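One structure below.
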Amino acid sequence: MSANDPVIVSISRTPLTRRVRPGKGDPPVTETLLTSVITDAVSRVRLPRNVVQDVCVGNVLGGSAAAVTARVAVLKTLGYEVPVRTTNRQCSSGLQAIADISSAIKSGSIECGLAIGYENMSFNTMENSFGDGPDVEEEDVEDDGIDSITLSAVMTPMGQTSENVSQKYNITRSTQDKLSIKSHSKAVLAWKERKFDYELIPNYIKPKIGYPDNGIRVDTSKITTLPPAFSETGTTTAGNSSQITDGAACVCLMSRRLAEERGLKVLATFLGYAVSGVPPRIMGIGPTTAIPAALKLSKTSINDINLFEINEAFASQASHCISHLKIPPSKVNVNGGAIALGHPLGCTGARLVVSLVAELGRRGGGKGVVSMCVGTGMGAAAVLEVEGREEKSKL
1 MSANDPVIVS
11 ISRTPLTRRV
21 RPGKGDPPVT
31 ETLLTSVITD
41 AVSRVRLPRN
51 VVQDVCVGNV
61 LGGSAAAVTA
71 RVAVLKTLGY
81 EVPVRTTNRQ
91 CSSGLQAIAD
101 ISSAIKSGSI
111 ECGLAIGYEN
121 MSFNTMENSF
131 GDGPDVEEED
141 VEDDGIDSIT
151 LSAVMTPMGQ
161 TSENVSQKYN
171 ITRSTQDKLS
181 IKSHSKAVLA
191 WKERKFDYEL
201 IPNYIKPKIG
211 YPDNGIRVDT
221 SKITTLPPAF
231 SETGTTTAGN
241 SSQITDGAAC
251 VCLMSRRLAE
261 ERGLKVLATF
271 LGYAVSGVPP
281 RIMGIGPTTA
291 IPAALKLSKT
301 SINDINLFEI
311 NEAFASQASH
321 CISHLKIPPS
331 KVNVNGGAIA
341 LGHPLGCTGA
351 RLVVSLVAEL
361 GRRGGGKGVV
371 SMCVGTGMGA
381 AAVLEVEGRE
391 EKSKL
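Residues in the sequence shown are numbered from 1 upward in steps of one, following UniProt numbering.
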């Protein structure tokens with residue numbers, strides 16, 4: 001252990017809610033998503049706002065407005081003295097924010113920071129997210145022999161990348177649907193057993209029907225009957241893909257020295273983070289290279305990992321990553337994954353860390369991995385160690 005170890009002392013997230021389509025209801029206010037998790041994360045450890053030295057916010061679809069929204073949220077909750085910036089590494093943006101704050105702590109440039117991930121997909125969807133594309137000529141570039149990377153490859157629609165993975169690695173429709181149904185059933189059980197209580201902001205609105213994470217299906221009977229969504233002969237459907245979702249999550253990190261000085265319980269230590277590149281047309285395989293890289297940096301064996309949170313962008317790629325790395329399915333997404341809970345792009349990395357830390361704490365500690373594929377052809381992964389059980393009354 002080192003005094004400069006980046007440690008997590010507080011976690012918080014909003015419920016993950018389905019995108020509200022125009023004219024179908026009131027979407028969440030983006031600023032409120034941010035202020036709610038900042039306020040909760042700081043209040044959990046009674047942290048004076050002047051202790052926070054930096055805030056990094058991960059977001060994908062907000063564009064330049066995300067920086068303004070983040071600044072307004074920080075001004076309202078922490079004051080003008082606290083700086084903030086945004087980061088965008090597609091679906092790993094929330095995890096990248098945590099990695100950036102961790103690196104700043106480890107280097108000694110700060111001792112305390114907030115890492116946040118958020119996405120309001122009710123206002124910004126994946127539709128036309130690439131715009132018209134760069135005004136350049138397509139030129140093939142040699143890669144590892146799997147594919148030629150071209151502009152069109154980088155801009156392959158996400159649903160088509162799922163079909164590419166399922167075809168290349170023979171992931172059947174049945175395999176994908178089974179993973180999806182299991183994701184929902186685990187999430188339903190987690191809510192029934194109140195496993196998400198600790199990680200959620202305390203003042204969320206409880207729905208009259210269903211669960212606060214409102215994409216969860218209690219009845220999954222229709223999943224196997226849904227038509228292919230991206231190809232007439234394909235296997236990727238709306239039921240075995242992640243949902244378009246709104247949400248935010250926040251992680252408060254400190255140096256171990258400061259946490260001990262303030263008498264705060266260390267929830268987890270951030271051991272390492274890695275990003276890897278993969279062919280864009282099969283971007284879903286990203287975790288198969290990112291997880292080994294993160295484990296190597298952390299000097300940890302995959303057999304030492306107690307739990308994995310692997311983002312279920314699509315059941316095809318999640319199934320492949322789990323089988324390729326020979327991970328026991330019983331260790332993966334134990335309380336459901338993105339197919340049930342949703343995938344608010346910029347939020348996901350932070351949400352996975354929040355849920356992993358809470359679940360490992362409930363189990364008495366251990367090591368965990370968070371990983372996801374990343375649009376345009378990357379994978380990201382982080383290794384954490386939870387050092388003790390949270391107070392039983394809080395779980």
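Positions of the beta carbon are idealized from the N, C-alpha and C atoms, including for glycine. Being a predicted model, the structure only gives us computed values, none of them experimental.
Just mark residue i as buried or exposed, buried being the case when its beta carbon has 16 or more other beta carbons within 10 Å.
i      : result
Ala70  : buried
Asn240 : buried
Lys326 : exposed
Pro15  : buried
Pro280 : buried
Ile8   : buried
Met372 : buried
Ile181 : buried
Gly145 : Here the model assigns Gly145 a pLDDT of 49, short of 50, so the residue's position is not dependable, and the following value carries that caveat. Answer is exposed; the Cβ neighbour count stays below 16.
Would you mind stating whether residue i and residue j have Cβ atoms separated by less than 7 Å?
i      : j      : result
Thr300 : Cys91  : no
Ala249 : Leu33  : no
Glu312 : Ile291 : no
Asn88  : Val60  : yes
Cys56  : Arg85  : yes
Val45  : Ser93  : no
Ile201 : Ser36  : yes
Val357 : Val386 : yes
Leu253 : Gly113 : yes
For residue i, name the three-state secondary structure that DSSP assigns.
i      : result
Ala313 : coil
Ser241 : strand
Met158 : helix
Arg173 : helix
Leu352 : helix
Thr77  : helix
Val7   : strand
Arg44  : helix
Ala248 : strand
Leu16  : coil
Leu33  : helix
Val55  : strand
Thr86  : strand
Asp151 : At residue 151 the sequence reads Leu, which differs from the Asp that was named. Note: Leu151 maps to helix in three-state DSSP.
Ser231 : coil
Leu253 : strand
Gly131 : Reliability fails at Gly131, whose pLDDT of 38 lies under 50, so the model's placement of it is uncertain and no value is given.
Leu200 : strand
Pair every Cβ in the segment 378 to 385 with every Cβ in the segment 94 to 104, then say whether three or more of these pairs are closer than 8 Å. As far as the Cβ criterion goes, the segment 378 to 385 touches the segment 94 to 104, which means the pair count is three or higher.
Mind the definition here: the segment 269 to 280 touches the segment 203 to 216 only if three or more C-beta pairs lie below 8 Å; say whether that holds. Taking 8 Å as the limit for Cβ pairs, the verdict is that the segment 203 to 216 does not touch the segment 269 to 280.
Which runs of the beta strand (DSSP E) at least 3 residues long sit entirely within the segment 92 to 126? Give them in chain order. Runs of beta strand (DSSP E) with 3 or more residues, each lying fully within the segment 92 to 126, are found at 112 to 120, listed in chain order.
Ignoring anything shorter than 3 residues or poking outside the UniProt domain "Thiolase C-terminal" (264 to 385), list the beta strand (DSSP E) runs there in chain order. With a minimum length of 3 residues, the continuous beta strand (DSSP E) runs that stay inside the UniProt domain "Thiolase C-terminal" (264 to 385) are 268 to 277, 307 to 310, 366 to 374.
Touch check for the segment 363 to 371 and the segment 213 to 225: three-plus C-beta pairs under 8 Å? No: fewer than three Cβ pairs fall under 8 Å.
Assess, as a yes-or-no matter, whether the segment 306 to 320 is touched by the segment 168 to 175 under the definition of 3 or more beta carbon pairs within less than 8 Å. With the cut-off at 8 Å, the segment 168 to 175 and the segment 306 to 320 touch.
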